[in-house]
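Read the structure below first, then the notes.
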Amino acid sequence: MNTILPRSGDGFLLRYFAIDDAQQFVKIESCPENKKYLGLPSGSYDDQIARFKKGVSNKDEFYKYFYAIEETSSRQLIGRAGLVKLASSPEEFEVSIVIDKPFWNKKFGTKILKVMINIAFIECKAESIHATIHPENQWSQKLFKEYGFIQVGVKNIDGNSSDDDDLVFKLTKNDYDSSTATAKELG
Ligand SMILES: CC(C)(COP(=O)(O)OP(=O)(O)OC[C@H]1O[C@@H](n2cnc3c(N)ncnc32)[C@H](O)[C@@H]1OP(=O)(O)O)[C@@H](O)C(=O)NCCC(=O)NCCS
0 MNTILPRSGD GFLLRYFAID DAQQFVKIES CPENKKYLGL PSGSYDDQIA RFKKGVSNKD
60 EFYKYFYAIE ETSSRQLIGR AGLVKLASSP EEFEVSIVID KPFWNKKFGT KILKVMINIA
120 FIECKAESIH ATIHPENQWS QKLFKEYGFI QVGVKNIDGN SSDDDDLVFK LTKNDYDSST
180 ATAKELG
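Residue numbering for the sequence shown follows numbering that gives the first Met the number 0, starting at 0 and increasing by one per position.
Okay, here's the thing in C-alpha cells:
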C-alpha cells in the first residue's frame with residue numbers, strides 16, 4: 000500500500016483501521032439508521048467483530064482506500080470512508096461514507112466527501128465515482144448532489160424493482176472539473 004496516511008483535514012484525520020477499532024466500528028455500523036441505509040449484512044455481535052478483524056488483517060487492494068475517520072480533538076473513531084474499484088470498469092470507483100450518529104450534521108460528511116473525490120480523481124485516476132444511496136436517506140442525497148452527483152438509475156439486486164431499491168448516483172471527472180472551474184471563475 001503506497002497511500003500517504005494519515006491525511007489530516009479540518010477536525011478529522013483519515014488513517015487505516017487497527018484491530019483495536021473493532022468494538023467502536025461495530026457500534027457505529029449497528030445504529031439502526033446506518034443498518035437500514037447501508038443494507039449491512041446482519042449477524043451476531045461476535046460475527047460482526049470477526050468480520051471486521053478479518054478485513055483489517057486482509058491488506059489487499061480492496062482495502063487500499065478504506066479509511067478510519069478519527070476526530071482530531073478526542074482521537075475517537077467516528078466513522079469510515081472508502082473507495083472501491085468497480086468490477087465493471089477499472090476507471091470507476093464506488094464511494095461510501097459512514098459517520099457515527101452523534102457526529103452527524105457537523106460537516107464531517109461534507110469535508111470528507113471532498114477529500115474522497117480528490118483521492119478518486121487525482122490519486123486513483125478515476126473517470127467517474129458512483130454512490131448508492133437509500134431512497135429515504137435524504138441528507139446523504141443532498142450531500143452528494145451538492146458535489147454534482149446526479150442520479151443515473153437504481154440498484155436492483157434481485158431483478159424485482161421496489162421502492163426500497165438504492166438510488167445510484169454518479170459524478171464524472173469532466174463534470175467535476177468543469178464545476179470546479181466555474182466555481183473558481185465565479186470567485
Ligand atoms: C450521510 C452522512 C455521511 C452525512 O454526513 P454528515 O457529517 O452528517 O453531513 P454534513 O454535516 O456534512 O451535512 C450534509 C448535509 O446534510 C444535512 N444534514 C445532515 N444531518 C442532518 C440532520 N440530522 N438533520 C438535518 N440535516 C442534516 C446538513 O444540514 C447538510 O446540508 P447543508 O450543507 O445544506 O447544511 C452521515 O449522515 C451518515 O453517515 N449517514 C449514515 C450512513 C450513510 O447514509 N452514508 C451515505 C451512503 S454512501
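Cβ atoms here follow ideal geometry from the backbone N, Cα and C, with glycine treated the same way.
With a threshold of 8 angstroms, establish whether the CB of residue i neighbours any heavy atom of ligand 1.
{"i": "Glu-91", "result": "no"}
{"i": "Ser-87", "result": "no"}
{"i": "Lys-106", "result": "yes"}
{"i": "Asn-136", "result": "yes"}
{"i": "Tyr-66", "result": "no"}
{"i": "Ile-96", "result": "yes"}
{"i": "Gly-216", "result": "The requested residue 216 is not part of the displayed model; the chain covers only 0 to 186."}
{"i": "Pro-139", "result": "It is Ser, not Pro, that sits at residue 139 in the sequence shown. Ser-139 Cβ: within cutoff of ligand 1."}
{"i": "Gly-78", "result": "yes"}
{"i": "Asn-33", "result": "yes"}
{"i": "Ile-132", "result": "yes"}
{"i": "Tyr-146", "result": "no"}
{"i": "Phe-102", "result": "yes"}
{"i": "Leu-142", "result": "yes"}
Let me confirm a value: residue i is counted as buried when at least 16 other C-beta atoms fall within 10 Å, else exposed. Which label applies?
{"i": "Leu-13", "result": "buried"}
{"i": "Ala-121", "result": "At residue 121 the sequence reads Ile, which differs from the Ala that was named. Per the 10 Å Cβ criterion, exposed."}
{"i": "Glu-90", "result": "exposed"}
{"i": "Leu-4", "result": "exposed"}
Span of the beta strand (DSSP E) holding residue i?
{"i": "Lys-84", "result": "76-84"}
{"i": "Phe-65", "result": "65-70"}
Quick one: which unbroken beta strand (DSSP E) runs of 3-plus residues sit fully inside the stretch 87-165? Chain order, please.
-> 91-98, 127-132, 149-154
Continuous alpha helix (DSSP H) assignments of at least 4 residues falling wholly in the stretch 6-46 = 21-29, 31-37
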